[in-house]
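In terms of the working numbering, the sequence shown has 686 at position 687, counting the first letter as 1, and numbering is strictly consecutive.
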Amino acid sequence: MTLAADRAALLAFPSQGLDESGSGPMVWNGVQQASGRSPAMVGRHAEREAIGRLLDAVRDGLSGALVLTGEPGIGKTRLLDHAAARAADLRVVRLTAVEQETGLGFGALHRLLRPFLNRAARLPEPQGAALNAALGLAQGPPADRYLVGLATLTLLSEVAADQPLLLLVDDAQWLDRESAEALAFAARRLHADSLGLIIAVRDALGGAGLFEALDAHAVTGLPESEARVLLSFGTRRVDPAVADRIVAGTGGNPLALLELTDALAAEQLSGIAPLPDPLPVGRLLKDHFQRLVRALPPETEALLLLLAAAPTGDTGMMWRAAGRLGLSARAVEPALLAGIVGRGMPMAFRHPLIRSTVYAGAEPAERRRTHAALAAACDAVRDTDRRAWHRAEATCGGVDDEVADDLEAASERARSRGGHSQQALFLSRAADFTGDPDKRAERLLGAAQAHLVSGDASAARTALDHADIRGPVMRTRELRIRATAQMFGIVVADVPALLMDAVAGLGPQDPLLTWELLCEALHAALVAHGCTQGTSLTQVAAAVAAARQRPDTVAYAAARQRPDTVAYGRDLLMEGLARRVAEGYGHGAPVLRTALDRLRNAGEIGDANSPFAVMLSMACDDLWDVRAERDITGRLAAADRDAGALYALGMTLLVEARCDLWDGRFAEAEVRYAEFEDIAADTGFRGGGDINRLHLFALTGREAELRAAVRRTTEMRGMGHGLLQLLAQHALTLFELGRGRYRQALEHARAVFEDDPLACGSLVLPLLVEAAVRTGDRAGADEAMARLEERAPLAGTPWALGTLALGRALTADGDEAEKFYEESVELLGQAPVALERARARLLFGEWLRRGKRRSDARTQLRAAYESFDAFGALPYAERARIELLATGETARRRTEETRFDLTPRERQVASMAVSGLTNAEIATRLFVTTSTVEFHMNKVFRKLGVTSRKQIPPAIGAPEPARPGSHSRCGQGHSRFPSCSFGGLA
């Protein structure tokens, strides 16, 4: 019989519950039923209830995701079968990941989306381009991983709009990283899309921990009574006492129960012969499967090894390889009779453990022979990357430059698709076959960089540890990657020293790279502040300032020729920050002022870059220039959204939230913090949590949450986050002043004053003056005023000059004090710092009341109270209310208003709708689906009691539309971590 005839004969076997993705037959508790039917499920009541709730939500137009975790054979696949059976009225799509494809970037995603790719043309252009690039369907720049995730979400929601959709993903621990990221991204953004996702994975960290944020249920062994019921379904009689021993020994694992009863002799099951002691449950499954396979004819074993090594679903390649090995399709029949593979097409193992057991148990020579056949069977054009991989697996170690070159070429193709984990895998494998030490090190450096871009800092360090680094350029790259890996794990302390070592080793070879390294070192040193190890902030700042003065610095020379560019503005900003630290405020402020002016006037903001957002915030706060901060970060956020650059957007959102706080827009700040938390979960950034809300907690009087966040900043000081601890001291100063606890406020403010960090060293000055004056510390007040008198005129902004006037008012007497108070209120009204203006009015009113001018005091105190009340600044509102009572006027206590009933996401959607964005535009900016936006808009209308978008602004306390930004759809770009992308805890 010919090979074609053999394949035709196999097609005649009846299919048993073949899933829609073609990934294999249905199984029950890991065991396929010969009849194709499964008995009623035993137990699993909690899991079935969770599945039922999810399916009911999908039927009601909502969405959700559920993760089932547990050891092999515990029954996760059976629960997926149950879900599929319960979802007969839904469209069900099933995917089973396989170990051999873990390194194939976007491979699992391609299999999952393959039935729907005819709809990809309907995607917004950037999303469609990203998805096509990721799946290798079209040429283009490397796919941004978050745009791919958004495209996945959009595509699946389009499918679900026609018929509610249920996705079932089995063995998710074998998903390639890129596919896992895309699925996790989509799962976290499911809301109102008639779409459900159930993921079965061996442990909670499956998919590199990407599914941790999802609702998870741990599937454990069956209770004793239910395990006995399961045993009763078998065809072999088991003595009750033996059953007790088997149940106890297997921990109630369903697959282990059934496989053990199958492996034991009849005499053992009946209790006549003793059971093994202990029961070989640990390796039982693999040993049992291995014995089954070894009992098969050699030709069948060879065919099973080929099935284990071949790509899932590509039967054509497998049978071409079988022909090269001289294997007949008839060889599968013994495996069918033994229950090792199912009688479905395409041919598949009845349990994933069998696949891995077959592959791992084969002799190395047989594995190499199998891979050689698969490499020969690969299409030279369509399967180039698979061919390179199989050739490598077929090679018996040692140096093979041809194989290494093929793998490197495959890594470039993976990079061009945005498959960075696959790129790293190919490069690491290429290094194994590379004889030249420098070339091998170069490939390992490339692998480390690719791992870093994919978000796997641990793998990046491992690749570096295996590289034999030679020469200053390679050493520089190594140190830079190590520094970035440290920052990715939010460990800052030794990063400046690493980068300064890289600068020293590089010497004059590459001035532009030297400048980049110095800027990165400066950022890390500013975040670490006094916690740097191996160098100091002052030393790093001095090196940066000196580099800008050298004529051989390429960045500086190029910038002088193009003084209108964004690059020039950014370089100036870094120079100004360096001079501010190394040479003092008088030297740094003028450079920073020029830099901010350049950036505000630049037509384009340039590449989104998270360190720049953080550095910009430090510069603006040091100059009290909130207008520049709002303007530049607004354009940065728009660019980040258009690029799908989530990591950079997260940093920018934190900066924007601070601007909102100074302007009394607490609800808007909360919206940005909430979105940042979503992004931190998507990107795996460890710097999320309440430490970013320190000032919000302080201003709203949430003392318990504030204290808890402050304690966390103290814990993080050991990781090098000195600046974060100083920001906590600044937040505590604001809180204590609101409570009228001036001595405590003075203690916190002085800690910030002495270290003088850029992020809050200037902002703390009026707070220190107030606390010092209230506690009678005249020397402390004079010290703070001296610094304020120096800095405010150099900054020259209304906020700076208004702050200076306020300090003068606090330290003056009589008519002079009143003049300064009035000047402060007037100047602060010229900047978007409504909170600071309200504080000035509170202080002015308190001064007037102490001067027995009750009527004038009421005017200022009432204005301050109403402002604080509207902001939600409870400590300050209560302080103003008490002062008003002392003047003889009664003020109502704060009550919650309707607009604060909106969730952060609802408020964000409402604000965007007011600005004129359509639902589709809002969806692309927020990385959600249009149906989710519609769901939120309906809730906004219902909660606010409005019927049109025009009625929303007054209802949410937004008298004017949200500030303008780019309304274009998400564009292409890279949300990758920059070469040394430093996180936004500052």
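No residue lacks a Cβ here, since even glycine has one placed at the ideal position from N, Cα and C.
Predicted model, so just to flag it, every value in this text is computed and none were measured.
{"Asked": "Among residues of its own chain, excluding the 5 on either side of ARG629, which ones have a beta-carbon nearer than 6 Å to its beta-carbon?", "Found": "CYS658"}
{"Asked": "Buried or exposed for ASP467, please, with buried defined as at least 16 other CB atoms from any protein chain shown within 10 angstroms of its CB.", "Found": "exposed"}
{"Asked": "Should ALA309 go down as buried or exposed, given a rule of 16 or more other Cβ atoms within 10 Å for buried?", "Found": "buried"}
{"Asked": "Should LEU745 and ALA771 be called a contact, given that it needs their Cβ atoms to be closer than 8 Å?", "Found": "yes"}
{"Asked": "At which residues does the beta strand (DSSP E) containing LEU167 begin and terminate?", "Found": "164-169"}
{"Asked": "Give me the residue from ASP596, MET346, ALA656 with the minimum Cα distance to VAL670.", "Found": "ALA656"}
{"Asked": "Hey, out of ARG692, GLY343, ALA375, ALA794, whose CA is closest to ASP596's CA?", "Found": "ALA794"}
{"Asked": "Check ILE271 in the structure and name its three-state DSSP category.", "Found": "coil"}
{"Asked": "In terms of alpha-carbon separation, which member of ALA885, GLU825, ALA879 lies closest to LYS851?", "Found": "ALA885"}
{"Asked": "With DSSP collapsed to three states, give me the class of ILE339.", "Found": "coil"}
{"Asked": "Evaluate the contact criterion for the region 619-629 versus the region 755-772: three or more CB pairs, one atom per stretch, below 8 Å.", "Found": "yes"}
{"Asked": "What distance in whole Å lies between the Cβ atoms of THR394 and PHE432, which are believed to be in contact at a cut-off of 8 Å?", "Found": "7 Å"}
{"Asked": "Going by the CB atoms, is the gap between LEU521 and ALA546 shorter than 8 Å?", "Found": "no"}
{"Asked": "Does DSSP classify SER14 as helix, strand or coil?", "Found": "Residue placement at SER14 cannot be trusted, given a pLDDT of 29 that sits under 50; what the coordinates show is reported in the next sentence. In the structure shown, SER14 sits in coil (DSSP, three-state: anything other than H, G, I, E or B)."}
{"Asked": "List in chain order: all unbroken alpha helix (DSSP H) runs of 4+ residues lying wholly within the region 640-669.", "Found": "645-661"}
{"Asked": "Closer than 8 Å, CB to CB, is ASP814 near chain C or not?", "Found": "Protein chain content of the structure displayed is limited to a single chain, and chain C is not contained in it."}
{"Asked": "With DSSP as the reference, identify every bridge partner of ASP313, one or two as the case may be.", "Found": "Per DSSP, none; premise fails for ASP313."}
{"Asked": "Measuring only the C-alpha atoms, how far is ALA557 from TYR567?", "Found": "Bear in mind that a pLDDT of 49 at ALA557, under 50, signals an unreliable position, so the model cannot answer this."}
{"Asked": "GLY445 to ASP192, Cα distance in whole Å?", "Found": "40 Å"}
{"Asked": "So the candidates are THR651, ALA638, PRO253, ALA387; which of them puts its Cα closest to the Cα of GLY220?", "Found": "PRO253"}
{"Asked": "Measure from the alpha carbon of GLY104 to the alpha carbon of each residue in ALA119, ASN117, VAL147, GLY69, then state which is nearest.", "Found": "VAL147"}
{"Asked": "Alpha carbon to alpha carbon, what distance is there between LEU130 and THR534?", "Found": "45 Å"}
{"Asked": "Just how far apart, CA to CA, sit ASP677 and ALA647?", "Found": "13 Å"}
{"Asked": "For VAL908, tell me which candidate among GLU515, GLU667, ARG742, ARG176 has the shortest Cα-Cα distance.", "Found": "GLU667"}
{"Asked": "Should GLY717 and ALA527 be called a contact, given that it needs their Cβ atoms to be closer than 8 Å?", "Found": "no"}
{"Asked": "So VAL357 packs on LEU295, CB below 8 Å; how close in whole Å?", "Found": "Not confirmed; about 10 Å, so no contact."}
{"Asked": "Measuring only the C-alpha atoms, how far is ALA462 from HIS389?", "Found": "22 Å"}
{"Asked": "Would you identify the three-state DSSP class for VAL228, choosing helix, strand or coil?", "Found": "helix"}
{"Asked": "Whose C-beta lies closer than 6 Å to the C-beta of GLY719 among residues of the same chain, with five residues either side of it excluded?", "Found": "VAL491, ALA492, ALA527, CYS530"}
{"Asked": "Hey, how far is the Cα of ASP261 from the Cα of ALA179?", "Found": "36 Å"}
{"Asked": "Give me the Cα-Cα distance between ASP509 and ARG474, rounded to the nearest whole angstrom.", "Found": "13 Å"}
{"Asked": "Let me check understanding here. Comparing Cα to Cα, which of LEU497, PRO125, TRP318 lies closest to ALA642?", "Found": "PRO125"}
{"Asked": "Select from GLU882, VAL543, LEU736 the residue whose C-alpha is nearest the C-alpha of PRO874.", "Found": "LEU736"}
{"Asked": "Going by the DSSP bridge assignment, what does ILE690 pair with across the sheet?", "Found": "Paired residue(s): none; ILE690 is not in a bridge."}
{"Asked": "Do you know offhand how far HIS216's Cα is from GLY454's?", "Found": "26 Å"}
{"Asked": "Can you round the beta-carbon distance between ASP169 and THR76 to whole angstroms, since I take them to be within the 8 Å contact cut?", "Found": "6 Å"}
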